[in-house]
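Chains as they are written, first to last, in the numbering used here: chain A, 136 to 695; chain B, 1083 to 1990.
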C-alpha cells in the first residue's frame, strides 16, 4: 500500500473507464488478478468497462428529486438527446444515466454532467445545458443554512473562504489542535466522553467510547478514517461542511489521530462530491504547508498525514466496513462484525472511523470544553421534500420537531404534512402526531426513533404513499451490494411487487411484510436490514391507499 | 489443555466449548445440525445465503451460525418458528433465481439446494421469474471442454469463486455487478480458456447445485447410479486422494477430490479431475501380442506366458543372467514393483532392475541418503502451512505438482514468504516475493552464492551445526570464492536478488525447500542436491516442523518403486545389495541365492546394448522411447536387442519395438498401494473392472516365474504386502487394515507405530555417524554451453495438460484437444531478433537431432533459453537432449543442452 496508489483513486485517474487491455495493464502494474480488478470495477456505478459518451449525464432519481419532478427532466433529456436511459447519442457526445441521491436535496431536481452538479434543473434550462455544453469546474453549492439558535458547527460556513487557511486561522483555527497536543490522549478522550458526543453518521454511537476502543489497541499502525461517503438519500449536511469549512473536519481528524495514536488518516469522500474533494485537497495541502499535518506537528512528537480516497458511486460504501473494503481495492461489501474496526479495521489494523460532522465537532469541544458542549451542543439536520425552506439547519438538542418543521422549515409546501421520514430512507416514518417530540437522543430513543443521518424529508398530503414507496424501494434495489440473498432478492422482489400493485397486477400486500421480516432478520448488514423499514410503516399507516390501488387499479391521489 | 473454554446455552442446555469456535461447529459437536448452503469451512465464509441463521439472545436480528463465533454466556436457539420462517423464505428467494430442472440435472441427488428444498418442503418459489435468470447469463464457459456453467442454476453463493481464490489460488472468476444484477462471470466475459484458469475443477466441486458441472459427465448418469471408489490419483507423485465414480458401463465418469484427505483436502488438478478417461479407452490392449515378421499377432495368455518364459530362459542360459535388464514402473503399485524386482533377482538372478526415478530423482536418492540418511522428502505436505519461507528452486510445480503449488500459493497468500528460482518465469514466479531467473545448470553456483551471503551476514545456525553435523570446516573452504560478483556473472542474476533471497531464507525461523527436475536433471544433479542439503544444514532448516527439504516426486509411485528395490543397488526397504545380513534375509525369504554385483542403470542402456552386454529387456509400464535422452540413438540400440517384453496398457512407442506385449490392468483397476512424495503409503482400489483379457502386473510376473520353475504364488496384493512388511523394516507396520483408515508415512517399523511425519527430528540423522554431513561442492558448467553453432540452451519438462510419453493423456479427449501440439517457448527478445512470429513453424537442432516445431513467443524463458516438452513423439525434446550422465546418480542432463534455432524458409 505504500508505493501503490489506492486502486479506487487509480481508476479515477482513468476517468472511471477501464477497458480490457487497460485493465490487464493495471492488473499487472499492481500485481493483481484480472478477476479481482474486474469484480471491483463492475461494482461501482461511476466506473465502466465499456465505452460511453464523452459526457455522462446522470439524473438523480432519489426521493427529493423525485418529488420535485425528476420524471419531467428525464423525459425532456430523452426527447432532446433522442436516446433512452443507459444509451449514448450516435455522435458519442452524451450518455444518459440514472443515479442515486446526489446529496443536493435542497436544490432538487439535480443532475450531474461529468463531475459537475447542476442544481434546480428545469425543463427550460435543459436545451441550454446540452446544446451549449461546456466542461466546467465543479463548484460548491449554495445550500441554504439556518441556525436560529446560533451557529456552532456551522460557525464558519459562508463566513470564510474555504480555500483560505488564513481565514480559518483567524477564527481560532487549529487552536484546538494546539491545545490538544499539550494534553494526554486519554485526557482528550475523557473530554469527548464527557461531552457525550455521538456519531453523526447514522448509528449515533458514543464517540468517546469508540476512541477509547481504538486507543486501547496495541497493534500498529492505526488509522483514522473520515466517512464522507454521504449517500443516505435526503442527507447533505456533510457536503455543506466539506465545501465550506474543510479545516474543521481536518482539525478534528488530526486531534483524533493524536488521541488514539494513529499516524495516518483517510477521508473517503463520495465520488459525486468533486467540488468538496478539491476543497479538501487544497485544505490538506495548506495544512501541510503550515505544519498542521506532516511530521512533528506543533513541534510535538506527533506526526500525521491525511490522504483522500474518492468513492466510486455506491451507497453501501457508507457502511464503515464496506468503506474499508473499498479503500483496500475491493468491492464495497460489508464485512462481518465482530471484529469491529477498532480492533481490525482498514488493512486489518485498528481503525477509528467517524463521520464528517462528528469530526467537525471535535475542535468545538476542545475549545469550549465538555461542559459547555454538553449543555449547548447542537446537531445538523438536512431538510428537504415538501418544505418551504430546504437546507441544512443547526439546532440545539431538545428543539421540538414542530419548531424544525414549522419555524425553520417554514411549514409544508402545497398542502398539509402527511408524514416525515427522519434519518434518511433507512430511517423512520413520523406521522404529524410526532411533531411535539423533542429532538434529542433520549426523547427519540424513548419513541423508538433515532436521528439517523439527520435527514428530514417532508411529504405533503397530496402525495400517494404507494408511489413514494416505489421510489424508496428502487433506491435500495439499485444500491444493494449483492452479497447476501435476503437483500439482493428481497429488494428486487419488493420493488417488483410494489410496481405491480401500482399497475393493479398484484393484490397481496402481506407478502411485503414477509419479505420485510426476512430482510430485517437476516440481511447481512444494517443497510439491508433497514431497507423496508419505512415502507413497512407506510403500509401500516396508509393501508387504504394501497388497497385503493389494488381494488381500483389507479392512484387515490391521481398519480398516473 | 491451554485452550480456554467458555459457557454457552444452546436450546436451553448449558455447554462448554473452546474459545473461537463457530456456532455451526459447536452445534455439530453436540449433534445439532444447522443447515448451511453458501458455507464451506475456511474456504467460503461469506454468510450470504441466510440459511444458517439462529437466534442469539440480545440481538434483534438473527445471526449467521456459519460465521459467528461463540462468546461466553451466549444463549442460542437453533430452531424456532421465526428461524424456520426466515430460512424458508431465504430458500424461496434462492429458488427464485434457480431454474428447477432437477429431472434433467446432473447434480440431482448431489445438490445441497435440492436437499434443503426437500427438507423445508418447498416445491416452487413464489418469486420464481425467468427474467432474473437472464441477468446471470454469460457465454464465457461455452467453448472449453472441461467445465459447463449453467448460469440459470447459479444461486450466487460464491463458493466457486472462493474455492478458486482460497483453494486453487488461481482466482480467475469474479462476482460481477451488484444488487439484483449480480452474477458470476470471468473478467470481461473472456472465454474461460483465455483466462488463467487451470481447469482444476475445484469450482465444480465447490458448487452446491448443478450450476457448474464437468462437461465430461453430462448425460452419463446421476450420482446415485454410479459406483463410488476412494483411491489415489494415478498421475504425479503428490498422491491426491480421489473419489472416482463409475457408471453402469464400467466407465469412470467423474472424479472428486477427497475433502478430508491430509494430502489434497479436496483439491485435484486438471489431470486428476479429468485424466481418468484413458482407462475407459477402447485402445486398451486386451490380448497378448507376439511379433511375427514384424507384425503383431494376438495369442492366448498361456502361449504368451510360456513363450516369454522360454525365451528368457534361453537368453539367461546363453548370455548369463546379467544380459537381461528390467525396467520397472512408478505408475505401478508397490506390490507390482516388489514382484518385478523379485522376479529379476530371484528368478533371473540379476540386479539389472531400475525404474524411471533414474531419470528424475536419482540424484536426490544418492545425495540425500548419503548426507542425511534417506532419499526422500523430510516433511509432510501438510507441514507447508507451518513454515515461514518457501524456497522453490527448479520446480515448475504449477504444472508438474499442481496441488502442491496450490498449497504453496495458499500459504503465501496467508502471509508466508516465497522465493522462486527458475530459468523460466514460471507461473509461481508471479506469486513470489523474490524471483530469481538464473541460467539452466547454474544452481550450484547460485546456492553457494546464497550460502556465502548467509555466512557473511551471520545467519549461520552454529548450535545446530555443532550438535548435528560433520564436515563443516571442509565445506567452508569452498564457499569464499562464490562472492556475489562471480555468482551474478555465472547465473545472470542481480546481486541484489541473491542477497535478498539469502536474507529471507537465512533469517527465517522456519523454512522449507522444494525442488524438482530443475535441480536433478543435470550432469551435476547430485552436486546440486548436496548444495541444497548444505543450505538446510547451514541454517538448521531441517528436522522439525516447518523445516525441511521437499524433493517433489514426479509419478504416482516413484517413491514406492524405489522403496520396493526397483533399483540396481538397493533391495526393498532402502537396503543395500552389499549388506550381507540383508542379502541373507532375502535369500531366506525368497528361497534362492541372490546376485550381489550391482545392476546396470537404465540411463546407461544404450551404452551396454552397444557393448553387447544386454540382450533382452523386460519393461513393465515404461516408455523409454519417449522419456530418455537422445532418442535416435536409443532407438537404434533397442532394435539390436534379441528380446523385448513390454507389459503395458496401450501400444506405446516402446511397445512397438517389443517382441511380446502383455496387456495389463491400469492403476484405476487395481488393488495395492502407492507411496507418494511425502512417504505416505496409501491404498488404491479398483474403480472399474479391468478389461477382459488383461491381467494384473504382479499376476503376469507370477505366471512367468512359475513357468520358469520358480514358485511364486500370490492370491492378491495383500499377500505381497505382507511379504514386503517382513523384509522391509520401514514398511513393517503398514497393514492394509490400517491403510483403510488413511495413509501412513514410512518409516513405520511396527503395527503400533504411528508412522513418521518428519524425518530427522531432534537432529537424529540416519547416517552411520548419526550426524548430517556437509559436502563441499564446486560449480561445474553444463557439458554443453551455448556456442556459435548452437547459441541457445534448451531446457525441457512437462506441461500441465500432459504427462510423460502422453500414453494416457492423449487418450483423454479434453486434455488432448486442449493442447494437441507441442511448441517451443522462446523469449520475446530472441524471437524478435530472429524474426520469429508466434505460432511459426521453426527448426530446433542439437548435436543429436533436429525437430520442426511451432514457436510460442513467451515472457517465460530467459533470453537465450528455449523450452520444449517431451510429451509429443515427432517433436519430442528428447530427440535433442544430451545423454551425458551425472557421475554418481547416472541421471542424464535433460535440462541443458545447446541448440540452434532455424527459420524454415518458404514456410511460416
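We put the CB at the ideal spot given by N, CA and C, even for glycine. No experiment lies behind these values; they were computed from the predicted model shown.
Coil, strand or helix - residue i by DSSP
i                       : result
residue 1048 of chain B : Here chain B covers residues 1083 to 1990 and nothing more, so residue 1048 of chain B does not appear.
residue 175 of chain A  : helix
residue 695 of chain A  : Because the pLDDT at residue 695 of chain A is just 49, under 50, the model does not fix this residue reliably, and the value given afterwards should be weighed accordingly. Residue 695 of chain A falls in the coil class under three-state DSSP.
residue 616 of chain A  : coil
residue 1883 of chain B : coil
residue 1064 of chain B : With chain B running from 1083 to 1990 in the structure shown, residue 1064 of chain B is simply not present.
residue 1339 of chain B : strand
residue 1929 of chain B : coil
residue 1315 of chain B : coil
residue 688 of chain A  : coil
residue 200 of chain A  : helix
residue 223 of chain A  : strand
residue 602 of chain A  : helix
residue 1653 of chain B : strand
residue 1184 of chain B : helix
residue 1906 of chain B : strand
residue 1951 of chain B : strand
residue 453 of chain A  : helix
residue 1428 of chain B : helix
Where residue i falls, given that 16 or more other Cβ within 10 Å makes a residue buried
i                       : result
residue 1662 of chain B : exposed
residue 479 of chain A  : buried
residue 574 of chain A  : buried
residue 1708 of chain B : buried
residue 1510 of chain B : buried
residue 1206 of chain B : exposed
residue 1083 of chain B : Note that residue 1083 of chain B scores 47 on pLDDT, short of 50, meaning its location in the model is unreliable; the coordinates nonetheless yield the value given after this. Residue 1083 of chain B is exposed by the Cβ-count criterion.
residue 1711 of chain B : buried
residue 1358 of chain B : buried
Integer Cβ distance of residue i from residue j, believed to fall under 8 Å
i                       : j                       : result
residue 1743 of chain B : residue 1371 of chain B : 4 Å
residue 548 of chain A  : residue 522 of chain A  : 6 Å
residue 579 of chain A  : residue 572 of chain A  : 7 Å
- Below 7 Å between beta carbons is the criterion; list the residues of the stretch 1129–1151 of chain B that meet it against any residue of chain A, in chain order. Taken in chain order, the members of the stretch 1129–1151 of chain B whose beta-carbon sits within less than 7 Å of a beta-carbon on chain A are 1129, 1130, 1131, 1132, 1135, 1143, 1144 and 1149.
- Task: Pair every Cβ in the stretch 1226–1238 of chain B with every Cβ in the stretch 1170–1188 of chain B, then say whether three or more of these pairs are closer than 8 Å.
- Result: With a cut-off of 8 Å, the stretch 1170–1188 of chain B and the stretch 1226–1238 of chain B count as touching, because enough Cβ pairs lie within range.
- Item | At least three beta-carbon pairs within less than 8 Å, the stretch 562–582 of chain A to the stretch 606–624 of chain A | Result no; under three Cβ-Cβ pairs closer than 8 Å.
- Query: How do the stretch 1246–1257 of chain B and the stretch 1319–1336 of chain B stand: do at least 3 beta-carbon pairs fall below 8 Å, yes or no?
  - Reply: Contact between the stretch 1246–1257 of chain B and the stretch 1319–1336 of chain B is absent: fewer than 3 CB-CB pairs across the two stretches fall below 8 Å.
- Query: When the Cβ atoms of the stretch 417–430 of chain A are set against those of the stretch 339–356 of chain A, are three or more pairs found closer than 8 Å?
  - Reply: Not touching, per the Cβ criterion.
- Is the stretch 1966–1975 of chain B touching the stretch 1438–1448 of chain B in the sense that three or more CB pairs, one from each, lie closer than 8 Å? Yes, the stretch 1438–1448 of chain B touches the stretch 1966–1975 of chain B.
- Query: Would you call the stretch 183–199 of chain A and the stretch 240–258 of chain A touching, i.e. three or more CB-CB distances under 8 Å?
  - Reply: Under the Cβ criterion (8 Å, minimum of three pairs), the stretch 183–199 of chain A counts as touching the stretch 240–258 of chain A.
- Report the residues of the stretch 1240–1260 of chain B with a CB closer than 9 Å to any CB of chain A, ordered along the chain. Within the stretch 1240–1260 of chain B, the residues whose Cβ lies closer than 9 Å to some Cβ of chain A are 1240, 1243, 1246, 1247, 1252, 1253, 1254, 1255, 1256, 1257, 1258, 1259 and 1260, listed in chain order.
- Please name the residues in the stretch 613–631 of chain A whose beta-carbon is closer than 9 Å to at least one beta-carbon of chain B, in chain order. Listed in chain order, the positions of the stretch 613–631 of chain A with a beta carbon within less than 9 Å of a beta carbon of chain B are 613, 614, 615, 616, 617, 618, 619, 620, 621, 622, 623, 624, 625, 626, 627, 628, 630 and 631.
- When Cβ atoms are compared, which residues of the stretch 1175–1209 of chain B fall closer than 9 Å to chain A? For the stretch 1175–1209 of chain B, which is checked against every Cβ of chain A, the residues closer than 9 Å are 1175, 1176, 1178, 1179, 1208 and 1209.
- Message: Three or more C-beta pairs under 8 Å: does that hold for the stretch 1192–1211 of chain B against the stretch 1263–1270 of chain B?
- Response: Contact fails: fewer than three Cβ-Cβ distances are below 8 Å.
- Message: Whether or not the stretch 391–408 of chain A and the stretch 507–521 of chain A are in contact is what I'm after, with contact meaning three or more pairs of Cβ atoms, one per stretch, closer than 8 Å; do they touch?
- Response: The stretch 507–521 of chain A, when compared against the stretch 391–408 of chain A, does not touch it at the 8 Å Cβ threshold.
- Under 7 Å (Cβ pairs) to chain B, residues found in the stretch 143–157 of chain A: Those residues of the stretch 143–157 of chain A that come within reach of chain B (Cβ to Cβ, closer than 7 Å) are 155.
- Message: Contact between the stretch 1934–1943 of chain B and the stretch 1899–1911 of chain B is defined here as three or more beta-carbon pairs at a separation below 8 Å; is this criterion met?
- Response: By the Cβ criterion, the stretch 1934–1943 of chain B is in contact with the stretch 1899–1911 of chain B, since at least three pairs of Cβ atoms, one from each stretch, lie closer than 8 Å.
- Interfacial residues, the stretch 1892–1905 of chain B to chain A, with Cβ spacing under 9 Å: Cβ proximity to chain A below 9 Å picks out nothing from the stretch 1892–1905 of chain B.
- Query: For the stretch 1820–1840 of chain B against the stretch 1757–1774 of chain B, are there 3 or more C-beta pairs whose distance is under 8 Å?
  - Reply: Counting Cβ pairs under 8 Å, three or more are found: they touch.
- Evaluate the contact criterion for the stretch 1872–1884 of chain B versus the stretch 1465–1475 of chain B: three or more CB pairs, one atom per stretch, below 8 Å. No, because fewer than three Cβ pairs between the stretch 1872–1884 of chain B and the stretch 1465–1475 of chain B fall closer than 8 Å, the two stretches do not touch.
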